[in-house]
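Presented below is the structure to which this report refers.
Have a look at this one:
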């Protein structure tokens, strides 16, 4: 697989179709228009290893999404909006990442504070711990 080529393809599909997530693995394309980290979490939990050795393009990648991508074993990531925490997390895991816009942090939906999941992951260093905390957080909020 040519990562850069596949990542560019995922990026184009993301933008052209106004999607929130595009994952390409072995020429198979998975797309979602759901908000937040739920589509990434669903792929992690589907048992198909969809994310493993894939490329992903996501509309917004904060620390939480970055940790989930690491847990899934992605090979490369593009974020239309990427937080500094996400860059740090992905670089530490040696996962190449590119972005449209780099921001200090992901904002909540009101735009007046950090996204709750971004805030949750600020002090977390382990992808495994992040995965458990994210699942716990989303379960409580449902």
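Numbering (this note's numbering), first residue to last: 234 to 375.
Backbone N, C-alpha and C define an ideal beta-carbon position, used for all residues, glycine too.
query	result
Extent of the continuous beta strand (DSSP E) to which residue 330 belongs	330 to 336
Three-state class that DSSP yields for residue 287 in the structure shown	coil
Spatial distance of residue 289 from residue 343 (CA atoms)	26 Å
Length of the line joining the Cα atoms of residue 361 and residue 309	19 Å
Continuous alpha helix (DSSP H) stretch holding residue 339: start and end	No alpha helix (DSSP H) contains residue 339, which DSSP labels as neither H nor E.
Proximity winner among 328, 305, 295, relative to residue 280 (alpha-carbon distances)	305
Beta bridge counterpart(s) of residue 264 as assigned by DSSP	255
Distance, residue 266 Cα to residue 346 Cα	24 Å
Rounded C-alpha distance that separates residue 352 from residue 245	30 Å
Candidates 331, 320, 296, of which the one nearest residue 366 by Cα	296
Residue ranges of each beta strand (DSSP E) within the stretch 294 to 327, 3 or longer	309 to 316
First through last residue of the alpha helix (DSSP H) which encompasses residue 373	360 to 374
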